[in-house]
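First up is the structure itself, then whatever we jot down about it.
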Ligand code: F6R
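Numbering (the numbering used here), first residue to last: 314 to 928.
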């Protein structure tokens, strides 16, 4: 996720504040960084580097870094690969303006084409450059001041943004604006600070204004902060006193990154679907499916390779692709696949699933499948990482950096992309009826709201966790689409609470695990109202007959299971194929709260690494 820092004042140099601020934002994850400074002689200089803020510092070592007005950015690539050219700030064509931007301009391609038709030249692949060129075009064509040009441009833009702009002809002013992407203004003594969160600011001032959606802030030296909207109506910003430490800000006020990431999921999935599900919510577009249509349409088989949580997402992907596209799918542990000389042909499509994009086994599986001539499709989170670079094409899940070692939002992001992939391909192949296709698209678009509803069970799950912290073993059961969710719930618990847990298809219980059940054994059962409901209910009865303790995830209003289970967590209804996206959430919360009750290091569990780059 990108980061923004800005400074304008008279008493201090901007550069050290901006660099320190960028370092404070490093926790968000990024692939390049840049800085724009208005130097004493009203020059506007932009310095950018791929890599870390330290690389930017080395790059700036011999440059002119004088000046007390500047903006700076860490970029997490969305449009265009990570590179110094695509890094922010971006100049306008005349180099009078420089902009930094968090978010996505959805209609950038259309605007870019219009501007190119008018002869404007672009140097980067980014949606951000399109915005600054649009602002300049409007400013010059209509002879407008910068604020008005920004207002007119933002009127034309669809998407999310937090931006900051400098104009070298007006070195006493910084303009910033936000829509769906946070931005904080810090107010000092004849100086202003800007940040995508308060972490780059609180060292200098505790007086801040959290900009609201649609706010445009004008920070002008010698004047008070002015906040207007797109129609130039003046607003009264509420100045707040912040009383928080840096660690709290980075975690967004949550005690752990894992909890923050669990709660971020509604927003993350909206980002994942943005620009892919259309506004009418009746169509999915994945550019990879357009660009490589014939490869994908002609696939005789799909092989999914992944590890850990990503492998669980792959099991859900198998059911989605087989259900909708009628193509056989194998799901392989990448570590096994790479060493067992698998049969792979040119007619296979291999999907590599990986949050980090760096998992050594998954990367090796991709290389092997490539050698055998398969078409490789990556579904990853970290932009520009090794796996996406090694694939023919793919789709990023766009859920932002995942910092907690236990994967949460990446799992739901992967399942969302696999759902979009399956129905878009099925639509192209004609293996899904149009009515059903539209129903899945609509229902998928409503999942973020349903997750928000499930997150309201947090306190209830925390209470349950206190009751069950004693346990040394847990069983997780589910069927159909819920079986991989059972595996994932068990993995989450193992990883962070160090309690032994197993996931099973519910009907397999009789073939062995039932021997484990006694009054000390908690069994988590996913028992929502779907085709397998009656059978899973019988499994619950079998567990209760052996004094097992049942925590059941049920559909809202289910009284039958509430009567027999020890505890029930209610879930909103959704289509069976989308249930994993809601039923996973309480299991993430349960693992989290049990680990907290046991006093474990939730974000960095023992022996685990976030990115497994060795075998
Ligand atoms: C589980 C977890 C791991 C990863 C696995 C693959 O919470 O984080 O099981 O899922 O190491 O990692 P990626 O998805 O980065 O390839």
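Note that CB positions come from ideal geometry on N, CA and C, so glycine has one too.
Please report how far the alpha carbon of residue 385 lies from the alpha carbon of residue 330, in whole angstroms. 10 Å
Are residue 529 and residue 463 touching if we call contact CB-CB under 8 Å? Note that the C-beta distance between residue 529 and residue 463 is below 8 Å.
Residue nearest to residue 416 in terms of C-alpha spacing, selected from 862, 612, 474 and 727: 474
Report the residue from 699, 673 and 662 whose alpha carbon sits nearest the alpha carbon of residue 690. The residue with the shortest Cα to Cα distance from residue 690 is 662.
Spell out a yes or no on whether the segment 660 to 675 and the segment 605 to 618 are touching, meaning 3 or more CB-CB pairs, one atom from each, closer than 8 Å. A contact is defined here as three or more CB-CB pairs under 8 Å, and the segment 660 to 675 meets this definition with respect to the segment 605 to 618.
Helix, strand or coil for residue 671 per DSSP? coil
Residue 581 Cβ short of 7 Å to the ligand F6R heavy atom set: no
Contacting residues, own chain, Cβ-Cβ under 8 Å from residue 447 (five flanking each side not counted): Here the set comprises 424, 428, 466, 469 and 470.
Any heavy atom of the ligand F6R closer than 7 Å to the Cβ of residue 723? yes
Taking 8 Å as the threshold, find out whether the segment 495 to 512 comes into contact with the segment 358 to 373 through three or more Cβ pairs. no
Per-residue DSSP class, three states only, for residue 794: coil
State the Cα-Cα distance for the pair residue 635 and residue 739, rounded to the nearest angstrom. So the two alpha carbons sit approximately 10 Å from each other.
From which residue to which residue does the beta strand (DSSP E) around residue 387 run? 382 to 388
So, is residue 400 buried or exposed, given that buried needs 16 or more other C-beta atoms within 10 angstroms? buried
Start and end of the alpha helix (DSSP H) containing residue 449? 440 to 455
Residue 325 classed as buried or exposed, judged by whether at least 16 other C-beta atoms fall within 10 angstroms: exposed
Exposure label - residue 603; buried when at least 16 CB within 10 Å: exposed
Using only CA atoms, which one of 681, 454 and 333 lies nearest to residue 515? Checking every option, the nearest Cα to that of residue 515 belongs to 333.
Looking at the ligand F6R, does it come within less than 7 Å of residue 669, judged from the CB to the closest heavy atom? For the ligand F6R, at least one heavy atom lies less than 7 Å from the Cβ of residue 669.
Whole runs of the beta strand (DSSP E) within the segment 703 to 755, excluding any shorter than 3 residues: With a minimum length of 3 residues, the continuous beta strand (DSSP E) runs that stay inside the segment 703 to 755 are 706 to 709.
Opposing strand residues paired with residue 787 [DSSP bridges]: DSSP output for residue 787 lists 814 as bridge partner(s).
Along the chain, where does the alpha helix (DSSP H) containing residue 693 start, and where does it finish? Per DSSP, residue 693 belongs to no alpha helix (DSSP H); it is in the beta strand (DSSP E), 688 to 693.
Residue closest to residue 574, alpha-carbon to alpha-carbon, out of 650, 336 and 725: 725
Does the segment 586 to 604 come within contact of the segment 765 to 779, defined as at least 3 CB pairs closer than 8 Å? no
Give the straight-line distance between the Cα atoms of residue 357 and residue 323, rounded to the nearest whole angstrom. 17 Å
Going by DSSP, which residues form a beta bridge with residue 358? 350
I want to check one thing, is the minimum distance from the CB of residue 808 to the heavy atoms of the ligand F6R below 7 Å? yes
Buried or exposed: residue 704, going by 16 or more other Cβ atoms within 10 Å of its Cβ? Answer is buried; the Cβ neighbour count reaches 16.
Which residue's Cα is closest to the Cα of residue 394: 904, 354 and 440? 440
Give me, in chain order, the residues of the same chain whose beta-carbon lies closer than 8 Å to that of residue 580; leave out the 5 immediate sequence neighbours on both sides. 761
Please determine whether the Cβ atom of residue 719 lies at a distance below 7 Å from any heavy atom of the ligand F6R. yes
Identify which residue in 731, 737 and 766 has its Cα closest to the Cα of residue 891. 731
Give the DSSP bridge partners of residue 433, in chain order. The partner list for residue 433 (beta bridge, DSSP) is empty, contrary to what the question assumes.
Indicate whether the contact test is met: 3 or more Cβ pairs, each with one atom in the segment 854 to 872 and one in the segment 837 to 845, closer than 8 Å. Between the segment 854 to 872 and the segment 837 to 845 there are three or more inter-stretch CB-CB distances shorter than 8 Å, so the stretches are counted as touching.
Quick one, which of 797, 376 and 480 has its alpha-carbon nearest residue 410's? Looking at the Cα atoms, 480 is the closest of the given residues.
Locate the beta strand (DSSP E) running through residue 942, then write down its first and last residues. A query on residue 942 cannot be resolved here, the shown segment of the chain reaching from 314 to 928 and no further.
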